[in-house]
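Numbering (the working numbering), first residue to last: 103 to 704.
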């Protein structure tokens with residue numbers, strides 16, 4: 103829940119030892135390199151993509167139905183041969199799938215004609231069969247045209263929209279004399295096409311079996327690509343050093359707690375180094391540290407922006423505020439239980455990667471909050487709990503009570519922004535850095551007091567006092583400009599007035615939290631609507647009314663749940679990223695990217 107303190111370290115070695123030095127630092131894995139001779143900042147090299155065909159082959163092999171046991175060591179492994187076989191298998195698989203689709207489409211087109219086989223030309227004395235699919239609206243004009251041509255014909259099949267006719271002629275009739283174009287059925291019979299389809303499926307099975315067999319090379323192929331990436335990173339690191347004749351200098355940012363590791367490495371290599379604290383002119387990267395259970399908040403924060411090095415880590419606040427906002431938007435205990443069951447089903451599978459482990463904890467907390475809020479709101483798939491039941495006694499909120507729910511949303515928003523300004527005030531050093539956020543806190547409290555007071559004189563007087571104090575605090579104390587003359591006093595007052603221009607922004611940001619009420623109400627209203635539709639169908643005399651009612655419930659609540667999830671993520675993040683960050687973060691930084699190996703053990 104903090105931003106790790108960094109030190110700027112410089113390491114010197116002989117130019118002949120440059121490669122060994124870089125390989126050692128890569129194995130150490132805790133140094134964010136600084137490009138010497140260029141502006142110190144987040145200048146990154148473009149991501150290199152070595153072995154593009156090998157990456158394509160790896161992605162294809164990983165997309166397999168069932169993996170074989172991965173080989174860890176195989177002296178016979180040949181990268182080029184495995185890549186070539188994998189890509190060739192992919193090409194054959196695509197061709198086989200296309201062939202199956204084409205055969206199925208052709209068989210579907212031939213189905214109305216029945217199971218036929220075209221005779222040889224000698225069997226019909228040189229005559230041929232010509233096939234036509236004629237819309238019913240053109241049946242009479244088509245038959246009249248055939249009578250004019252004096253050609254024998256036969257209706258084979260009729261569908262609700264078309265008639266299927268076959269006529270006999272030595273040459274294809276002139277298309278200008280017929281109202282429809284000929285159907286091209288090909289020379290193969292449906293029976294032959296079905297035999298080809300069977301063979302195509304067999305070929306696809308063989309190709310997929312080879313695909314599964316090739317999956318045994320996934321580990322070794324991944325290992326090769328990882329080492330290729332490491333070599334690219336080494337070459338890029340070599341371009342970031344300062345070559346000073348016979349001496350090479352490497353510079354970078356390192357967590358202070360890792361300095362003993364660097365000291366041990368330098369002493370073992372016989373190198374020279376020193377470490378120094380960042381100066382005001384430096385722009386160090388940001389490395390945040392959070393407990394594993396709460397690290398999901400860090401992922402949410404960096405999804406939008408990385409706080410500056412000298413700012414603070416909002417991961418903990420975002421973790422819980424996002425969970426609360428998601429709960430208020432979902433606003434249904436039944437939906438929370440459904441999502442909780444789905445999370446439990448995928449819980450073990452989500453534990454394979456650090457990112458998914460962090461997300462599942464965040465999801466669990468969000469769903470627990472959603473369950474609690476849904477119970478307080480008394481909503482279970484849009485239905486209230488039975489009167490007099492235990493669940494009914496837990497209900498303290500009513501989503502259809504607009505005034506109360508608006509108050510809840512605005513109080514939550516006000517407290518969220520009070521927290522943002524409170525953190526800024528606590529971190530401030532000068533009077534102006536602390537006075538301005540304190541003034542905004544007083545103004546927010548004044549607005550909430552006036553709104554919640556219901557016109558009471560005590561609340562009105564308190565609100566006036568808080569508001570006036572907040573406005574005067576910002577007007578008089580929010581500027582760092584020294585007062586040593588009447589002109590400087592006027593300029594200082596002008597600075598205060600400029601700060602007060604943010605009052606409209608504050609009002610808009612607090613009102614923005616009304617989306618919590620609006621989206622929660624929309625979700626509850628849709629759920630109630632689907633329940634009412636299903637009940638009306640169930641009570642009606644519609645055939646299969648029970649089945650239709652169940653479909654309305656399942657599909658309706660499924661769509662509503664999906665919309666609630668999307669809204670919860672989008673607006674739950676938006677209220678943190680825009681409203682909260684605007685009042686609590688001063689600068690945007692760039693992430694700490696250690697120069698390290700991508701694998702520690704193989």
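Cβ coordinates follow ideal geometry from the N, Cα and C atoms, glycine included.
Treat the numbers as computed from the prediction; the structure is a model and nothing was measured.
Residue i lies in the beta strand (DSSP E); which residues open and close that run?
| i | result |
| --- | --- |
| residue 75 | Summary: the structure shown does not reach residue 75, with the chain confined to residues 103 through 704, and so no result is reported for it. |
| residue 378 | 374-378 |
Among the options, which has the Cα closest to the Cα of residue i?
| i | options | result |
| --- | --- | --- |
| residue 351 | 698, 675 and 136 | 136 |
| residue 177 | 319, 272, 206 and 262 | 319 |
| residue 206 | 292, 636 and 381 | 292 |
| residue 163 | 131, 221, 187 and 153 | 187 |
| residue 470 | 442, 484, 493 and 447 | 442 |
| residue 223 | 240, 254, 209 and 273 | 273 |
| residue 401 | 271, 577, 461 and 665 | 461 |
| residue 698 | 328, 498 and 280 | 328 |
| residue 625 | 561, 490, 592 and 479 | 479 |
| residue 280 | 303, 261, 294 and 242 | 242 |
| residue 540 | 506, 577 and 561 | 577 |
| residue 514 | 494, 428 and 414 | 428 |
| residue 546 | 596, 532 and 607 | 607 |
Kindly identify the DSSP beta-bridge partner or partners of residue i.
| i | result |
| --- | --- |
| residue 266 | 235 and 259 |
| residue 345 | 350 |
| residue 521 | Answer by DSSP bridge pairing: none, since residue 521 is not bridged. |
| residue 116 | 349 |
| residue 110 | 355 and 378 |
| residue 409 | 690 |
| residue 391 | 104 |
| residue 284 | 234 |
| residue 482 | 485 |
| residue 135 | 354 |
| residue 720 | Examination of residue 720 is not possible in this model, given that the chain is present from 103 through 704 alone. |
Pull up the distance between the alpha-carbon of residue i and that of residue j, whole angstroms please.
| i | j | result |
| --- | --- | --- |
| residue 174 | residue 321 | 7 angstroms |
| residue 144 | residue 355 | Here residue 144 scores only 46 on pLDDT, less than 50, and its place in the model should not be relied on; the value that follows carries that caveat. Taking the straight line joining both Cα atoms gives about 12 angstroms. |
| residue 234 | residue 267 | 5 angstroms |
| residue 459 | residue 392 | 14 angstroms |
| residue 568 | residue 575 | 10 angstroms |
| residue 132 | residue 113 | 14 angstroms |
| residue 517 | residue 399 | 19 angstroms |
| residue 129 | residue 492 | 60 angstroms |
| residue 368 | residue 530 | 39 angstroms |
| residue 477 | residue 658 | 21 angstroms |
| residue 668 | residue 120 | 51 angstroms |
| residue 449 | residue 692 | 32 angstroms |
| residue 695 | residue 117 | 25 angstroms |
| residue 265 | residue 182 | 57 angstroms |
| residue 439 | residue 430 | 15 angstroms |
| residue 240 | residue 220 | 26 angstroms |
| residue 690 | residue 410 | 5 angstroms |
| residue 105 | residue 134 | 15 angstroms |
| residue 316 | residue 192 | 11 angstroms |
| residue 269 | residue 262 | 21 angstroms |
| residue 330 | residue 341 | 17 angstroms |
| residue 687 | residue 412 | 10 angstroms |
If you follow the alpha helix (DSSP H) that residue i is in, where does it begin and where does it stop?
| i | result |
| --- | --- |
| residue 468 | 456-479 |
| residue 588 | 588-602 |
| residue 182 | 181-212 |
| residue 423 | 417-432 |
| residue 177 | Note, residue 177: premise wrong, no alpha helix (DSSP H); not H, not E. |
| residue 648 | 647-676 |
| residue 553 | 533-554 |
| residue 313 | 292-316 |
| residue 495 | 492-496 |
The stretch 117-124 / the stretch 433-442 touching (three or more Cβ pairs under 8 angstroms):
Result no; under three Cβ-Cβ pairs closer than 8 angstroms.
Across the stretch 269-285 and the stretch 227-247, are there enough close Cβ pairs to call them in contact, namely three or more that are closer than 8 angstroms?
Touching, yes, given that three or more Cβ pairs across the two stretches are closer than 8 angstroms.
Inter-stretch contact (C-beta, 8 angstroms, three-pair minimum) for the stretch 672-687 and the stretch 612-620
When Cβ pairs closer than 8 angstroms are counted between the two stretches, the stretch 672-687 is seen to touch the stretch 612-620, the count reaching three or more.
Cβ contact check for the stretch 476-488 and the stretch 580-596: 3 or more pairs under 8 angstroms:
The stretch 476-488 is not in contact with the stretch 580-596.
Is the stretch 413-424 touching the stretch 681-693, taking contact as three or more C-beta pairs under 8 angstroms?
Judged by Cβ distances under 8 angstroms, the stretch 413-424 makes contact with the stretch 681-693, as three or more pairs qualify.
State whether the stretch 649-663 contacts the stretch 544-558, with contact taken as three or more CB pairs (one from each stretch) at a distance under 8 angstroms.
No, they do not touch.
I want to know whether the stretch 497-513 touches the stretch 585-605 - three or more CB-CB distances under 8 angstroms.
Flag = no, the stretch 497-513 and the stretch 585-605 do not touch.
Cβ pair count under 8 angstroms reaching 3, the stretch 624-637 against the stretch 519-528
Contact fails: fewer than three Cβ-Cβ distances are below 8 angstroms.
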